[in-house]
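Below is one structure, written out as structure tokens, with a few remarks after it.
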Amino acid sequence: MKKVSFYTLGCKLNFAETSTLSKIFQSCGYKVVDFDDGADICVINTCSVTENADKECKSIVKRALSKNKECKVIVVGCYAQLKPEEILNIQEVRLVLGANEKFKIMEYLKYLDEDEAKAKAFYSDIDEAYHFNASYSHGERTRTFLKIQDGCDYTCSYCTIPLARGESRSDTIDGIIHNIHRIVEKGVKEIVLTGVNIGDAGYANLSSHQKRKVRAYTFYQLLQEIEKIESEFRLRISSIEPNLLTDEMIELAAISKHIVPHFHIPLQSGSNTILAQMQRRYKRELYASRVEKIKSLIPAAAIGVDVIVGFPGETDELFQETYDFLWNLELSYLHVFTYSERKNTLAEKLSDKIPVNIRKQRNHQLRQLSQKKQHYFYQKNIGSVRKVLWEDNEKNGRMFGFTDNYIKVSTEYQSELSGKTVEVFLNEWDSKNHCLMGNIYEPTLI
Ligand code: SF4
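Position 112 of the sequence shown, counted from 1, bears residue number 112 in the numbering used here, the numbering being contiguous throughout.
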């Protein structure tokens, strides 16, 4: 039996898609082994957001070959779509597959047996990528990433994702509900809806260029349908653009039996000047109104933010605007990204570039702010009872899980808890593990 292994870089979407590739290989009789077990074929699913995609890719190729020098390396994913020729320069790579080709991977394996000296790349124009391939991750008992949408129709000036993944397209509502049933039947307790721009989900069944932009449903309608499912599971919305997060979605989340009180909303900048340069589709006032609406209906909700620092034209004053804006909002944590130039983007051509050392300094400042926000949010939850989904991991006699509102919690290790959702009393800061300590809730004891 031939052995195959996988290595995934980047986002949750890539992890979900790697699972599908793994299922494709298994259905063709391959044995999936750990990356370091020396497989016959190794598939590297790459990311284009990573600043050093090329270096990273090279080092993973090297690692694969160090375990089995006969291993045939295939590179797929966003970096493969964007820079196939660059990857072909990595001597040991045998095959490169673009966005449209990656799920037809079995058809391309025959090229691995051809002339050893020649690596091959197969990729189409990204405009041809309009098929939707459903995927969900597997292997973890507690949480699954369910891909419901792919691609993006937005044109944020710094972003290469639309170039790597194509137009916005989605699964059908029936397809998504079917997959949720299958996932829940396996005993998974949490489903994370995943995509590039999931608030834009709804362009389903795109089978030809003519039909491409007929919206079949809205994201809100999808949430309403998911809400009707009787089984027990929790649903996390991975990330949603602020202009697509409507009042009705927040209202639904407030009374939902599935949707957890956790929103991740990319802001990118708290300055309207920079937001306009980034070609984002909202102003900071709209963002603030989303946070206020969530907090007014779901006070305990966690709200996470993506921010980019050092975008061209971000003067000290404009950065300060972002800092103050974030400071004044009730947020739970920040994901801070340092701007870096990407080929073929509009932002690459903008003047007033910010020196790299200042970009780094700003990143550091916002990371410190994030720690303060997170600490404050955690402290505010001490004394409350929340549902924790316990994971199957043990460290120094303790186990870990996350509350519905995305607080990491530790408790004494009890194997019977793993994979279970249990009410937990959050009682103090666990400085060793940077989380809260929790006790299984027994009302009579409190
Ligand atoms: S919304 Fe903007 S940043 Fe997000 S994937 Fe689309 S173009 Fe990129």
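Backbone N, C-alpha and C define an ideal beta-carbon position, used for all residues, glycine too.
Sequence-distant residues of the same chain with beta carbon closer than 6 Å to residue i, five excluded per side
i: residue 305; result: 267, 331 and 334
i: residue 25; result: 4
i: residue 279; result: 155, 156 and 157
i: residue 385; result: 423, 425 and 441
i: residue 377; result: 332
i: residue 446; result: The predicted position of residue 446 is uncertain, since its pLDDT is 42 and thus under 50; a value taken from the coordinates is nonetheless stated next. Nothing meets the Cβ criterion.
i: residue 336; result: 307, 363, 366 and 367
i: residue 8; result: 14, 15, 18 and 45
i: residue 133; result: 103
i: residue 41; result: 4 and 72
Element boundaries [beta strand (DSSP E), containing residue i]
i: residue 527; result: A question about residue 527 goes unanswered here, because the residues of the chain that appear run from 1 up to 446.
i: residue 412; result: 408–412
i: residue 337; result: 333–338
i: residue 267; result: 262–268
i: residue 97; result: 93–97
i: residue 423; result: 421–430
i: residue 122; result: 120–122
i: residue 109; result: No beta strand (DSSP E) contains residue 109, which DSSP labels as neither H nor E.
i: residue 46; result: 41–46
Any non-hydrogen atom of the ligand SF4 within 7 Å of residue i CB
i: residue 78; result: no
i: residue 155; result: yes
i: residue 159; result: yes
i: residue 197; result: yes
i: residue 312; result: no
i: residue 355; result: no
i: residue 11; result: no
i: residue 152; result: yes
i: residue 261; result: no
i: residue 162; result: yes
i: residue 321; result: no
i: residue 17; result: no
i: residue 348; result: no
i: residue 86; result: no
i: residue 167; result: no
i: residue 241; result: yes
Where residue i falls, given that 16 or more other Cβ within 10 Å makes a residue buried
i: residue 91; result: exposed
i: residue 1; result: exposed
i: residue 28; result: exposed
i: residue 102; result: buried
i: residue 215; result: exposed
i: residue 399; result: buried
i: residue 77; result: buried
i: residue 231; result: exposed
i: residue 328; result: exposed
i: residue 299; result: exposed
i: residue 124; result: exposed
i: residue 375; result: exposed
i: residue 322; result: buried
Beta-carbon proximity list for residue i, same chain, < 7 Å, skipping 5 on both sides
i: residue 310; result: 338, 339, 354, 358, 359 and 362
i: residue 130; result: 166, 167, 169, 206 and 212
i: residue 272; result: 283 and 284
i: residue 99; result: 81, 126, 129, 164, 165 and 166
i: residue 286; result: 242 and 243
i: residue 202; result: 170, 215, 216, 217, 218 and 219
i: residue 13; result: 147, 194, 195 and 196
i: residue 199; result: 219, 240, 241, 244 and 245
i: residue 342; result: 158, 160 and 348
i: residue 150; result: 132, 165, 169, 195 and 196
Residues near residue i by beta carbon distance below 8 Å, same chain, minus five either side
i: residue 437; result: 409, 410, 411, 426, 427, 428, 429 and 430
i: residue 277; result: 157, 311, 312, 313, 347 and 350
i: residue 247; result: 293
i: residue 275; result: 268, 269, 282, 283 and 284
Endpoints, alpha helix (DSSP H) assigned at residue i
i: residue 295; result: 284–297
i: residue 395; result: From DSSP, residue 395 is part of no alpha helix (DSSP H) but of the beta strand (DSSP E) over 385–395.
i: residue 184; result: 173–185
i: residue 26; result: 12–27
i: residue 302; result: Counting along the chain, residue 302 falls outside any alpha helix (DSSP H), though it belongs to the beta strand (DSSP E) covering 302–309.
i: residue 145; result: That residue, residue 145, is in no alpha helix (DSSP H); its beta strand (DSSP E) goes 143–147.
i: residue 247; result: 247–255
i: residue 53; result: 53–67
i: residue 367; result: 356–381
i: residue 273; result: 272–278
i: residue 344; result: No alpha helix (DSSP H) contains residue 344, which DSSP labels as neither H nor E.
i: residue 78; result: 78–82
i: residue 161; result: 161–165
Checklist entry - Should the stretch 174–192 be regarded as contacting the stretch 224–239, the criterion being three or more beta carbon pairs within less than 8 Å? => result Yes, since at least three Cβ pairs between the stretch 174–192 and the stretch 224–239 fall closer than 8 Å, the two stretches touch.
At a cut of 8 Å, does the stretch 391–404 reach the stretch 337–352 through at least three beta carbon pairs?
-> Touching, no, given that fewer than three Cβ pairs across the two stretches are closer than 8 Å.
* **Contact between the stretch 139–153 and the stretch 83–90 (3+ Cβ pairs under 8 Å)** => The stretch 139–153 vs the stretch 83–90: no contact.
Does the stretch 246–258 come into contact with the stretch 288–305, if we say contact requires no fewer than three beta-carbon pairs (one atom in each stretch) closer than 8 Å? Touching, yes, given that three or more Cβ pairs across the two stretches are closer than 8 Å.
inquiry  = Using a Cβ distance threshold of 8 Å, determine whether the stretch 178–189 contacts the stretch 370–385, with at least three qualifying pairs required.
reply    = Touching, no.
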